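Novice: If you read the sequence shown in this note's numbering, its first letter stands for residue 30, the second for the next number, and so on. Beta carbons are placed, not taken as given, at the ideal position from N, Cα and C, and that holds for glycine. Because the structure is a prediction, the values reported are computed rather than measured. Sharing a structure, written as structure tokens. Questions coming.
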Amino acid sequence: MTDQTNLAPDALGPTLCIGEILAEIVATTTGEGFLDPVPMVGPYPSGAPAIFIDQAGRIGGSAAMVGSVGNDDFGRANIARLERDGVDVSGIRTDPVLPTGTAFVRYRHDGARDFVFNMWTSAAGALGWTDQVQAVCARAGHLHVMGTLLGHQSIWEITERAATMIKARGGTISLDPNMRKELRGDGETGRRFAQMVGMADLLLPSGDELYLAADLPVDAGEEAALVRLFQLGVKEVAIKRGVQGSTCALPDGTRTHAPAFDVTEIDPTGAGDCFGGAYVACRRLGMLPEQALTYANAAGARNVTFRGPMEGAGTRAELDQFISETKRLT
Ligand code: ATP
Ligand code: MG
Numbered sequence: 030m031t032d033q034t035n036l037a038p039d040a041l042g043p044t045l046c047i048g049e050i051l052a053e054i055v056a057t058t059t060g061e062g063f064l065d066p067v068p069m070v071g072p073y074p075s076g077a078p079a080i081f082i083d084q085a086g087r088i089g090g091s092a093a094m095v096g097s098v099g100n101d102d103f104g105r106a107n108i109a110r111l112e113r114d115g116v117d118v119s120g121i122r123t124d125p126v127l128p129t130g131t132a133f134v135r136y137r138h139d140g141a142r143d144f145v146f147n148m149w150t151s152a153a154g155a156l157g158w159t160d161q162v163q164a165v166c167a168r169a170g171h172l173h174v175m176g177t178l179l180g181h182q183s184i185w186e187i188t189e190r191a192a193t194m195i196k197a198r199g200g201t202i203s204l205d206p207n208m209r210k211e212l213r214g215d216g217e218t219g220r221r222f223a224q225m226v227g228m229a230d231l232l233l234p235s236g237d238e239l240y241l242a243a244d245l246p247v248d249a250g251e252e253a254a255l256v257r258l259f260q261l262g263v264k265e266v267a268i269k270r271g272v273q274g275s276t277c278a279l280p281d282g283t284r285t286h287a288p289a290f291d292v293t294e295i296d297p298t299g300a301g302d303c304f305g306g307a308y309v310a311c312r313r314l315g316m317l318p319e320q321a322l323t324y325a326n327a328a329g330a331r332n333v334t335f336r337g338p339m340e341g342a343g344t345r346a347e348l349d350q351f352i353s354e355t356k357r358l359t
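Following this line, the structure appears as structure tokens:
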């Protein structure tokens, strides 16, 4: 069964991602917050869905984005980056009034992050179902869903409609839970999460998210959680394990592990999204799990060696070079 791809082939149409597009400004000194002036660098193109889709396009997958930016340089820089990396940007609208969303981020000494966001009160929040969104959904072959966005009403409405349309034309769905425990219990968001797990062909959890998706306690064990997910109809699970690499699990019992690469982390933001973008693109291009995991680990690792959330997203050639030059952790 490992020689089969559980995701709709690239030829069916682009992988679609829906959500926030942001400009990110990063403090260049570590410490707490922004109460005093700090040196900063940016703007960098950002937003988790944008990072995911940029990596998917950059590695050579067919990719498209639905989002909203302002009529300003932050918006133009984001669109230019996605276009450069081969992403179909026809589903990105430019709001005539609201500015592009922003995220100011500063790392603390222990690696925790302090943020100042302007997200849903910016152009990013002014997203709705337009003719352009309809058109891109009508030709998409796969939808990648961000668990972080399930609590956001207007994005949910687009996501649910897109998921139904894409499934109906033989497309597939992946879900990165990126979900905190507390949200599972939260009525409507928890219900949407369960609905998306039920619709997902591929799940991309990290940490406890595997158990959250399976709706089992952490002490149930990884195998029990995987079996439960396969019973729910999930066809493939790619588990992200940070410096411990990643594992692909299939319903027939196949488990494929790929070690992480040994790098010096400069900026951890975007690793999970680059992993996901590369993994989905590679599987849709017909690669076997082992090769897709290797590219995905490389994409995550390479990205953390660059300052800025998607500055290290790699082309296939860049990732091939990275793989040949970088030691693996065991
Ligand atoms: P995020 O915090 O972005 O949500 P995540 O928890 O979803 O991340 P991670 O497991 O942290 O995902 O990262 C995804 C993949 O990227 C890992 O499986 C690993 O291969 C690679 N990676 C991430 N950080 C590092 C690192 N410091 N060194 C080497 N590889 C890394
Ligand atoms: Mg994650």
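Cβ of residue 296 versus every heavy atom of ligand 1: is any distance shorter than 7 angstroms?
Specialist: Position 267 of the sequence shown, counted from the start, is the residue given in the question as residue 296. It does not: the Cβ of residue 296 is nowhere closer than 7 angstroms to a heavy atom of ligand 1.
Novice: How many Å lie between residue 316 and residue 246 at the Cα?
Specialist: Within the sequence shown, the letter at position 287 stands for residue 316. Within the sequence shown, the letter at position 217 stands for residue 246. Each residue's Cα considered, the two are about 33 angstroms apart.
Novice: Under the three-state reduction of DSSP, which class applies to residue 225: helix, strand or coil?
Specialist: Reading the sequence shown from its first residue, position 196 is the one you call residue 225. The answer is helix: DSSP assigns residue 225 an H, G or I state.
Novice: Cα separation between residue 137 and residue 175?
Specialist: Taking the first residue of the sequence shown as 1, we reach residue 137 at position 108. Taking the first residue of the sequence shown as 1, we reach residue 175 at position 146. Taking the straight line from one Cα to the other gives about 26 angstroms.
Novice: Is residue 175 helix, strand or coil by DSSP?
Specialist: Walking along the sequence shown from the start, residue 175 turns up at place 146. The answer is strand: DSSP assigns residue 175 an E or B state.
Novice: What is the DSSP secondary structure of residue 52, reduced to helix, strand or coil?
Specialist: One-based indexing of the sequence shown puts residue 52 at position 23. The answer is strand: DSSP assigns residue 52 an E or B state.
Novice: Which residues bound the alpha helix (DSSP H) around residue 28?
Specialist: Residue 28 is absent from the model: the chain starts at 30 and stops at 359.
Novice: Exposed or buried, which one is residue 163 when buried takes at least 16 other CB atoms within 10 Å?
Specialist: The sequence position of residue 163 within the sequence shown is 134, counting from 1. Answer is exposed; the Cβ neighbour count stays below 16.
Novice: Rounded to whole angstroms, what is the Cα-Cα separation between residue 122 and residue 102?
Specialist: Locating residue 122 in the sequence shown gives position 93, counting from the first residue. Locating residue 102 in the sequence shown gives position 73, counting from the first residue. Rounded to whole angstroms, residue 122 to residue 102 spans 14 angstroms at the Cα level.
Novice: Is the beta carbon of residue 330 within less than 7 angstroms of some heavy atom of ligand 1?
Specialist: For this step, residue 330 is matched to residue 301 along the sequence shown. At least one heavy atom of ligand 1 is nearer than 7 angstroms to the Cβ of residue 330, so yes.
Novice: Let me check one thing: in DSSP terms, what residues is residue 286 bridge-paired to?
Specialist: The residue you call residue 286 lines up with position 257 of the sequence shown. Beta-bridge pairing links residue 286 to 276.
Novice: Is the distance from the Cβ of residue 261 to the Cβ of residue 227 below 8 angstroms?
Specialist: Residue 261 sits at position 232 when you count from the first residue of the sequence shown. Residue 227 sits at position 198 when you count from the first residue of the sequence shown. Yes, the Cβ-Cβ distance between residue 261 and residue 227 is below 8 angstroms.
Novice: What residues in its chain sit with their C-beta under 6 angstroms from that of residue 134, if we drop five residues either side in the sequence?
Specialist: Residue 134 sits at position 105 when you count from the first residue of the sequence shown. So the list reads 55, 142 and 144, once near-sequence residues are dropped.
Novice: What did DSSP end up calling residue 86 once you bin it into helix, strand or coil?
Specialist: Within the sequence shown, the letter at position 57 stands for residue 86. Helix, per DSSP.
Novice: In chain order, what residues of the same chain have a beta carbon less than 7 angstroms from the beta carbon of residue 258, not counting five sequence neighbours either side?
Specialist: Taking the first residue of the sequence shown as position 1, residue 258 is located at position 229. 232, 242, 243 and 266, listed in sequence order.
Novice: Give a single yes or no on whether residue 199 has its beta carbon closer than 7 angstroms to a heavy atom of ligand 1.
Specialist: By 1-based counting over the sequence shown, the position of residue 199 is 170. Here the distance from the Cβ of residue 199 to the nearest heavy atom of ligand 1 is not below 7 angstroms.
Novice: Return the Cβ separation of residue 332 and residue 303 in integer angstroms, given the expectation that the two are a contact with Cβ distance under 8 angstroms.
Specialist: Taking the first residue of the sequence shown as 1, we reach residue 332 at position 303. Taking the first residue of the sequence shown as 1, we reach residue 303 at position 274. That pair is a contact at about 4 angstroms.
Novice: Would you mind working out which of 359, 342 and 156 sits nearest residue 113, comparing C-alpha positions?
Specialist: In the sequence shown, counting from the first residue as 1, residue 113 sits at position 84. Comparing Cα positions, the closest option is 342.
Novice: With a CB to CB cut of under 6 angstroms and the five nearest residues on each side skipped, what residues in its chain are close to residue 239?
Specialist: Locating residue 239 in the sequence shown gives position 210, where the first residue counts as 1. These residues qualify, in order along the chain: 254.
Novice: Confirm the yes/no value for this check: CB of residue 269, any heavy atom of ligand 4, distance under 7 angstroms.
Specialist: Judged by which ligands are present, ligand 4 is missing from the structure shown, whose ligands are ligand 1 and ligand 2.
Novice: Can you grab the Cα-Cα spacing for the pair residue 306 / residue 85, in whole Å?
Specialist: Counting from 1 along the sequence shown, the entry for residue 306 is found at position 277. Counting from 1 along the sequence shown, the entry for residue 85 is found at position 56. Answer to the nearest angstrom: the Cα atoms are 4 angstroms apart.
Novice: Between the alpha carbons of residue 221 and residue 95, how many angstroms are there, rounded?
Specialist: Position 192 of the sequence shown, counting from 1, holds the residue named residue 221. Position 66 of the sequence shown, counting from 1, holds the residue named residue 95. Residue 221 and residue 95 have their alpha carbons spaced roughly 20 angstroms apart.
Novice: Short check: CB of residue 78 to CB of residue 47, under 8 angstroms?
Specialist: In the sequence shown, the residue the question calls residue 78 occupies position 49. In the sequence shown, the residue the question calls residue 47 occupies position 18. Contact: yes.
Novice: Sort out for me which residues DSSP pairs residue 269 with in a bridge.
Specialist: By 1-based counting over the sequence shown, the position of residue 269 is 240. Answer by DSSP bridge pairing, in chain order: 235 and 275.
Novice: Taking only three categories from DSSP, how would you classify residue 80?
Specialist: Within the sequence shown, the letter at position 51 stands for residue 80. In this structure, residue 80 counts as helix in the three-state DSSP scheme.
Novice: Helix, strand or coil for residue 142? Go by DSSP, reduced to three states.
Specialist: To locate residue 142, count along the sequence shown from 1; it is residue 113. DSSP places residue 142 in strand when its eight states are reduced to three.
Novice: Can we count residue 333 as close to ligand 1, meaning its CB is less than 7 angstroms from some heavy atom?
Specialist: In the sequence shown, the residue the question calls residue 333 occupies position 304. True, at least one ligand heavy atom lies under 7 angstroms from that Cβ.
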